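To keep things clear, I will list the structure first and then write my remarks on it.
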Amino acid sequence: MANPKFLNFIDGAWCSSKSGKTFSNINPANKDDIIGTFPASDAQDVQKAVESAASSLEEWQKTPPPKRGEILFRVGEILQNRKEELAQLMTREMGKILREARGDIQEAIDMAFYTAGEGRRLLGQTVPSELPNKFCMTLRDPVGICGLITPWNFPMAIPSWKVFPALICANTAILKPASDTPASATKFVEILLEAGLPPKTLQLVHGTGPEVGTPLVKHPQIELISFTGSSQTGQEIAAYCSQHHKKVSLEMGGKNAQIVLEDANLDLALEGIVWGAFGTTGQRCTASSRLILQKKIASELTHRLLNRAKNLKLGSGLLSSTEMGPLINQKQLEKVSEYVQIGQKEGAQLLTGGHPYREGECSKGFFFSPTIFTNVHSQMRIAQEEIFGPVLAIIEVEDIEEAIHVANDTSYGLSLSIYTQDINQAFHAIRAFKSGIVYVNAPTIGAEVQLPFGGIKHTGNGHREAAQTALDIFSEWKTVFIDHSGRLQKAQID
Ligand code: NAP
């Protein structure tokens, strides 16, 4: 099988790692299918990337924002034209089914067009002064060189959430994509260059978290780290950044829940549960890993869900018949298996699944059967910890108050959902949920780029990606006072 060689993009040129070391990336649905060989970079490559990013800052900052936006607009157009080819590659390297891979790229397209428009806005404010003949306004300043560290589960959407707003705000950036999905990231950077991005404005450095991510976080010239990944890694990054006064935005794990009340449309809820729990093989930060059912409808809905989960078609995401692809790698397969054992030891009842799936062609990949536990209590580890696989924990409750209490009863705070036809109950939940995102009569997944995305508690650190809120991550507010009175005026005193 062909084994294409991919490269870093540093200092305006495609290049190998300085050490010459490489790593291979494989298709998680078929370990024999090698996606390619990539540079195994380290601190030396990061150093060169930072020097180049620093050298291009001034020029990029002089480029008028509408011109920066036009480049992003062209990126959106190229992504649109190449959507199918990019989706095929993404499915091969990440495993998500083709329909979802197209959605991943569509999110990057949406983000490109949305952020391109910001080139003609980047709005500041004019604000009245308390003193006469004094003018007050706010402007957005760039932050500097941004280190962007992304996970593998949205190989193009998440880089787009970081790279586009970083660039529109006149920063230069270094992208370190997950080493499980480096090919999609490479295509993404190729497209930015094809769209006319000045070459030294964006650098791409492949390699692992410890070898590339850590030097990036620790580099003194990097002013901002934007990270999406696990809470554990995020916490380490945040600790370093706070000690060294670096700006840091973190999007981390989730333990999202769907509540179904007894008055809900159960057909609709069932569709939402299957999509929320098993879409992307449960590997979304917003995946519904807990299902909170009011007792009266619990047994009927569980029975119908079991039927659906047992019949989900597993296989290569490239086949149109496939409904669920593989897990990302062997480590994740082991982690999910371990959580099944933990759940059983805790006394939860395994209704279906709970093991790797090795039928036919699936024996070549990291497939795991859709798994459902019942008799779960909120304090069990399978109800508290992020598993990141197709594992759903069902918790039964008496009423909406108990449902909301259970939904909020984790250290995470990303996405919560409620199914009910009662508007009063829906609004009660909207207010009471402790999460960054709430859905009513829809599952916990389904971001749109024009709305803020992110979570509270252990999920985030107060920032929101996408929408206008992303600009607050990638720019610094500058407050300007212009006194045209010709005399000294003292605020709060005169
Ligand atoms: P991860 O292990 O934390 O890795 C995320 C990224 O950080 C990868 O590029 C990784 O590199 C890098 N990295 C690892 N250790 C590092 C270190 N010490 N310093 C700097 N960078 C380091 O997370 P993951 O397993 O890839 O992704 C799954 C997690 O992401 C889940 O917890 C999920 O909930 C979360 N996620 C959150 C959101 C959100 O918006 N809230 C969205 C998607 C995913 P390598 O992997 O290449 O070594």
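Residue numbers (my numbering): 1 to 494.
From the three backbone atoms N, C-alpha and C, an ideal C-beta is built for every residue, glycine too.
None of these values were measured; they are calculated from a predicted model.
By the Cβ neighbour-count rule, PRO220 is exposed, with fewer than 16 other Cβ atoms within 10 Å of its own.
Listed as beta-bridge partners of MET324 by DSSP are LEU314. Annotation for PRO165: the continuous alpha helix (DSSP H) segment containing it runs 157-168. Residue side-chain check: LEU414 places its Cβ nearer than 7 Å to a non-hydrogen atom of the ligand NAP.
The alpha-carbon separation between GLY144 and LEU306 amounts to approximately 51 Å.
If you check the CB distance, ASN3 and ILE34 come in under 8 Å.
With a cut-off of 7 Å, the C-beta of CYS146 is classified as distant from the ligand NAP, since no heavy atom of the ligand falls inside that distance. Only residues of its own chain outside the window of five on either side were considered, and among them GLY119 and ARG120 have a CB closer than 7 Å to the CB of PRO66, listed in chain order. DSSP places ARG284 outside both helix and strand once states are collapsed to three, so it counts as coil.
Beta-carbon to beta-carbon, PRO28 and PHE366 are separated by about 5 Å, close enough to satisfy the 8 Å threshold.
For THR233, the shortest separation between its Cβ and any heavy atom of the ligand NAP lies below 7 Å. In the structure shown, GLU58 falls within a helical segment according to DSSP collapsed to helix, strand and coil. Assignment of TRP14 by DSSP, reduced to helix, strand and coil, places it in the strand class. By DSSP's assignment, PHE368 forms a beta bridge with PRO356. Remark: C-beta atoms of PHE73 and ALA116 approach each other more closely than 8 Å. For the region 96-128, the continuous alpha helix (DSSP H) assignments of 4+ residues that do not extend past its boundaries occur at 98-118, in sequence order. The residue from ILE297, PHE373 and GLY36 with its alpha-carbon nearest to that of LYS345 is PHE373. Annotated as proximal: GLN258 and GLY272, with beta-carbon spacing under 8 Å.
Under the 8 Å Cβ criterion, the region 193-207 does not count as touching the region 219-233, having fewer than three qualifying pairs. In this structure, the straight-line span from the alpha carbon of ILE445 to that of VAL274 is close to 11 Å.
Relative to the ligand NAP, the beta carbon of CYS241 is positioned no closer than 7 Å to any heavy atom.
Excluding residues up to 5 positions away in sequence, ILE34 and THR37 lie with their Cβ nearer than 6 Å to the Cβ of SER24 in the same chain. The alpha carbon of ILE168 has as its nearest neighbour, out of VAL260, HIS245, ARG68 and ASP45, the alpha carbon of ARG68. If you draw a 10 Å sphere on the C-beta of ILE493, you find fewer than 16 other C-beta atoms in it, and that means exposed. Among the bridge pairs identified by DSSP, ASN30 is matched with ASN27. The criterion of a C-beta distance shorter than 8 Å is satisfied by GLN283 and PHE388. Just measuring C-alpha positions, the residue of LEU318, THR479 and ASP483 sitting nearest MET137 is THR479. Assignment of THR302 by DSSP, reduced to helix, strand and coil, places it in the helix class. Remark: C-beta atoms of THR233 and THR150 do not approach each other more closely than 8 Å.
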